[in-house]
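Engineer: Protein chains in written order, with my numbering: chain A, 805 to 1083; chain B, 805 to 1083; chain C, 805 to 1083; chain D, 805 to 1083; chain E, 805 to 1083.
For each residue, glycine too, the CB sits at the ideal point set by N, CA and C.
As the structure is a prediction and not an experimental result, all values here were calculated from the model.
#1: In whole angstroms, give me the CA-to-CA distance for residue 868 of chain A and residue 851 of chain A.
#2: Against chain A, does residue 1013 of chain E count as a neighbour if the rule is that its beta carbon must be under 8 Å from one of theirs?
#3: Please report the distance separating the alpha-carbon of residue 1088 of chain C from that of residue 1040 of chain C.
#4: Over what stretch of residues does the alpha helix (DSSP H) that includes residue 953 of chain C continue unbroken?
#5: Check whether the Cβ atoms of residue 895 of chain A and residue 913 of chain A sit closer than 8 Å, and answer yes or no.
#6: By how many angstroms is the C-alpha of residue 825 of chain C removed from the C-alpha of residue 1125 of chain B?
#7: Answer yes or no: does any C-beta atom of chain B fall closer than 8 Å to that of residue 828 of chain C?
#8: Report yes or no: is there a C-beta of chain C within less than 8 Å of the C-beta of residue 945 of chain B?
#9: Which value, in whole angstroms, describes the spacing of the CA atoms of residue 1059 of chain B and residue 1008 of chain E?
#10: List the residues of chain C that residue 870 of chain D touches, going by C-beta distances under 7 Å, in chain order.
#11: Under the three-state reduction of DSSP, which class applies to residue 903 of chain B: helix, strand or coil?
#12: With 7 Å as the limit, tell me which residues of the region 999–1012 of chain E have their beta carbon closer than that to any beta carbon of chain A; keep them in chain order.
#13: Of all the CB atoms in chain F, is at least one closer than 8 Å to the CB of residue 862 of chain D?
#14: Quick one: give me the first and last residue of the alpha helix (DSSP H) that residue 1023 of chain B is part of.
#15: Count the other CB atoms, across all protein chains shown, that sit within 10 Å of the CB of residue 1034 of chain A; report buried if there are 16 or more and exposed otherwise.
#16: How about residue 955 of chain A and residue 1027 of chain A: are their beta carbons less than 8 Å apart?
#17: So the alpha helix (DSSP H) residue 1056 of chain C belongs to, where does it begin and stop?
#18: Put residue 1064 of chain D into one of helix, strand or coil per three-state DSSP.
#19: Ordered along the chain, which non-local residues of its own chain (more than five positions away) have a Cβ less than 7 Å from that of residue 942 of chain B?
#20: Within its chain, find whatever has a CB closer than 6 Å to the CB of residue 918 of chain E; leave out the 5 residues flanking it on each side and keep chain order.
#21: Under 8 Å, do residue 1044 of chain A and residue 899 of chain A count as touching if we go by C-beta distance?
#22: For residue 897 of chain E, which three-state DSSP category applies?
#23: Taking the straight line between their C-alpha atoms, what separation do you get for residue 979 of chain B and residue 866 of chain D?
#24: Does the Cβ-Cβ distance between residue 858 of chain D and residue 963 of chain D come in under 8 Å?
#25: Can you check whether the CB of residue 982 of chain A is closer than 8 Å to the CB of residue 834 of chain E?
#26: Would you decide whether residue 1055 of chain D is buried or exposed? Buried here means 16 or more other CB atoms lie within 10 Å of its CB.
#27: CB-CB under 7 Å to residue 847 of chain D, same chain, minus the five flanking residues each way: which ones, in chain order?
#28: Strictly under 8 Å for the Cβ-Cβ distance: is residue 908 of chain A near chain E by that measure?
#29: So, residue 873 of chain B versus residue 969 of chain B, is the Cβ gap smaller than 8 Å?
#30: According to DSSP, simplified to helix, strand and coil, what is residue 865 of chain E?
#31: Where residue 935 of chain A and residue 1030 of chain C are concerned, what is the direct C-alpha to C-alpha distance, given to the nearest angstrom?
#32: In this structure, how does DSSP classify residue 835 of chain D when only helix, strand and coil are distinguished?
#33: Which residues of the region 821–846 of chain D have a Cβ closer than 9 Å to any Cβ of chain E? Give them in chain order.
#34: Out of curiosity, what's the CA-to-CA distance linking residue 1015 of chain B and residue 890 of chain A?
#35: Quick check on residue 1035 of chain E - is its C-beta less than 8 Å from some C-beta in chain D?
#36: Should residue 1066 of chain C be labelled buried (16 or more other beta-carbon atoms within 10 Å of its own) or exposed?
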């Protein structure tokens, strides 16, 4: 599964790199005076305004998580659609466990291996012996609450993406006010001042479109997939607490998957040995 | 049914062609210096920025599917509203099969003919003998999950349609900064520079309005019709698993159709022979 | 009821005419050179781009229906809130019919008079003798499916209303590029070129605000009222299949009406004779 | 309660007046040539376009109601959150009535006093003796239908608020086209023409922000509170038809109120005499 | 817990201060004529228009609460996610109380300590002995009604945030009209006038982005967390009225918490003594 992760990252990196290369190529083709695209004032106003707005609008914790999301933009999601098959397999194995050793067997087997807090909580509910309806109800609350907590950084990033062009305009207006009050008929100085003023708008759009919005979209998808996976796991845990057969579990959980990728217990059992090392 | 497809495509192609002809006619009428509408820098910035943003915001798989959707914009949907009648007919035939040979008969008859994964999954559920409620629940999950997977390229295209005008503005700002810093009082050179700068905005709007948005809208409709059809098929499979009569199936499934196109079993039975070859 | 239709149309036509008169008055007051508001290029680009986008985004059928909606903008809705009273009366008459002659009586009486496909379908369901719950379920599916089909032209018109100002801007940019590349210091020619270029933006806004959006809003309301009416009729058909008394039907269906317009069976029975000819 | 109404109106009027005073003060401080802010053409195009669009988009009835809403913007809502306590008291009194004289007693007592059509309808349902579930179902339909009818003018006003700036731009474009075609190098005439053209945009924004949107927001809140009150009254009528005790009614209806304003039957009974005249 | 509050405020204040410092640094670096950023007219129009619109759109009460929200922007929420653990502990203590002394014991113990009106109302419902379903239903209504009341100031602030840039544009248009009518060929006076006119737009954007929107976002989160907490408390009260065991209460209420912060009754009981003073 390792090389899938890599090839995916490669496509993402290649596409991103290609896009940036086109933009830079256009600028290099158009001018050789690169310093004319640098405006300290513009940068300070766009960056400062966006940061100030973020810290005033959200708790500092979420803002820090948003910055981290920018950093980890290229990282792959913990729960990918590809990984859902493995999740189903694990749940079916647990179903066999429950059939052979009962619920306490489940506790002993998985208690030490599972690190993920939400999953631990769910298994605890099953092992405690709560009724399937109660398990489903508690897990649904937990999944939704986890989702709500997880997407606050997305809100922060979307907020920054709508703030930074506004401060781009603030920077341009500040630059134009300074420039207009120094007019003394010198046309080339007007042009120079206007060019510097426009750079703030340029920075604002680029900050929004190449940093904040992509990070927000990427994180949103990651959390959407995670929620989807959590609902599938919830369904599986409910089936466990109902002591359903592994076959039924396979058919029910397959409804979450792309029909082309449906988990097939029979095929799996045939090639069981070489994959036994999968956790 | 073939010529319906064609006539539909013809109307679409004719309308599209007519629209483009008007735009080109206007430009040809206005100038004969067509090169003045070409700006390599503008194109590189708009295209590069849109592509980079797409690859940074979504997994590369979805981006590729979005590009394919642009390519196949004119193609007809797999499930058209016109085709729903044929679907109902097929389901009713299966109902007869179930009445005469029982559920195993259904398996033998359709097992080899049906290629579509979702439908295969649904029939398997019915043949396995799950209760109607379980069939409905699993199929609903499967239909919604399929829909969620299918519309990711729509999200990518809508994202590109909002990104490309933004990079059109980036290109124009870059062009204006370059132009403004070379001002030396020569009015006609300013005009030339401004004209080139404005082309990036022009490209950005056209990319969004004539390529990304139409492809997104077309794909969205295709997937909406597909989901509608999948819910109708789900209803039909539930009726099959309830072993309802073909008459009842006709009345219930007709509620999904335009009342003017309602499937009429009696009329169908009269002219059965010539259409027997329909799969 | 005829003169209500007319008076309503008169208010609409008068308001529309008054608004247009103010706009034209302003233009006539401001200039006598009306030709300066004509730009063939601008018109071709706005109209061509909007049409091309519509045909690329939607199936040609819906686009044609959208154009028809523009044409019929002033026409009155088939189902007006005023007409709901007459619908209730008709349903109550059917309730008397069912009480006196049973369900077959309903079939004989209304089978020939009812042209509307959805209503025919609903009555067929009642006459076939389906249980009230089944009738409600099938009719709800049918009403929602009909609504979905009906509002596609609204989507097309809203799409056109957002496309036409974009192509107005395209036209203005094209005009400005042409103008800027022909600058030779002649200030009045620049002004002339700019004026022509701006006309495309003007056309784009007017096409959106005085044609596409009003047609979309009008059609949307028409279909919303129709859906509301269809749900009321569904409720009435369910009551028929439950063989409820006409009194109960009156009270239940009145919940859909403005309390001031509640249908009153007693008052109706008093003045029954002169209105007997109402179908 | 009268002086609450007044003090509220006073705060609203004072705030509004204060805001307008600041705007006018700024203009008076900036110029003494007030005629330069008058443009007949601009006003005609903005007002005419907005009116024409409204009459084309909505039935004339709703447009007239929207104009009335502008007029009555300052008026207080029929059902205020403050008045909900009195509503609960009234419902509890009716509960005593039903306990002492039965449902017919309710009819005799309130039949003549209640003018409001929706409430009359609800009481009629209770007095007729329908089951609580039926009462709730009918009243819910009636409340939602009333709400739908009531907010159409809000839609009209929001539509006008988005139309008027668009026609402000139309007016500015018309003014600029006229001005640009009369350029003859006279710089001050260009400035004058541009100033007049910009006035249309100014009018469009002010019409939207100081007239249409405030009227829409005010009306929306009024209708939201009314719906909230209607659901509370529905709950009360259902409790009446369930013949619940006044205590239970108090506890259940209090859930709709701000906990700090909860109705307390005991306190009310203590000071019953001086308030007996409340209807 | 005190220092958590402080450290959180410190991060917020630091981030905000840092952002503002960057903006001011940019201005100081760009000019030393700070008076050129002051425009009394611009300020009066933006502030006056925004205030007038707010008072016309909403009742004066909500507008005052909105102004208070601006003032208290940095204050910490009453119910933080961190505080939810303490809430659960309190509910579990009450469960012990109910087990040992019955519902009246709950009344005596908590009747005097609880100041919060919503919680008092909920406990009264439990003590009165209403069935769990009734308690849940009433509390849900109360929580939603409280939420609706609480977020009106958020609506006011969002309204102000969309109004103030519009009046920024009004101020700029007014300034440009005044300037354009005084043109007499003096280029530097035009520049000066334009600079002053642009300041209104600058003020409008800053008022929206650094005052209104952050205050709205902060208040919205505060109320969202409060609602989340209220639903958790509702769940706890329902469990109390069901006389569930403290263990079950722990497991059920934990579903609202981050799995990493789950309340653990056993761990709590171990270190009970030092925390006994917690209320």
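Structural biologist: Let me spell this out:
#1: Cα-Cα distance, rounded: 15 Å.
#2: Taking 8 Å as the threshold, the shortest C-beta distance from residue 1013 of chain E to chain A falls below it.
#3: The requested residue 1088 of chain C is not part of the displayed model; chain C covers only 805 to 1083.
#4: 936–954
#5: One thing to note: residue 895 of chain A has its Cβ no nearer than 8 Å to the Cβ of residue 913 of chain A.
#6: Outside the displayed span of chain B (805 to 1083) sits residue 1125 of chain B, for which this structure offers no information.
#7: no
#8: no
#9: 54 Å
#10: Ordered by position in chain C, no residue passes the 7 Å Cβ test against residue 870 of chain D, which lies about 12 Å from the chain.
#11: Taken through DSSP and simplified to helix, strand or coil, residue 903 of chain B comes out as helix.
#12: Result list: 999, 1002, 1003, 1005, 1006, 1009, 1010.
#13: This model lacks chain F altogether; the protein chains it does include are A, B, C, D and E.
#14: 1017–1045
#15: buried
#16: Closer than 8 Å, so yes.
#17: Residues 1050–1058.
#18: Residue state, collapsed to three classes: helix.
#19: Closer than 7 Å at Cβ, skipping near neighbours: 929.
#20: 924
#21: yes
#22: DSSP places residue 897 of chain E within a helical segment (H, G or I) once states are collapsed to three.
#23: 49 Å
#24: yes
#25: yes
#26: buried
#27: 1007
#28: no
#29: no
#30: helix
#31: 46 Å
#32: Note: residue 835 of chain D maps to coil in three-state DSSP.
#33: Taking 9 Å as the cut-off between beta carbons, the residues of the region 821–846 of chain D near chain E are 821, 822, 823, 824, 825, 826, 827, 828, 829, 830, 831, 833, 834, 835, 837, 840, 841, in sequence order.
#34: 39 Å
#35: no
#36: buried
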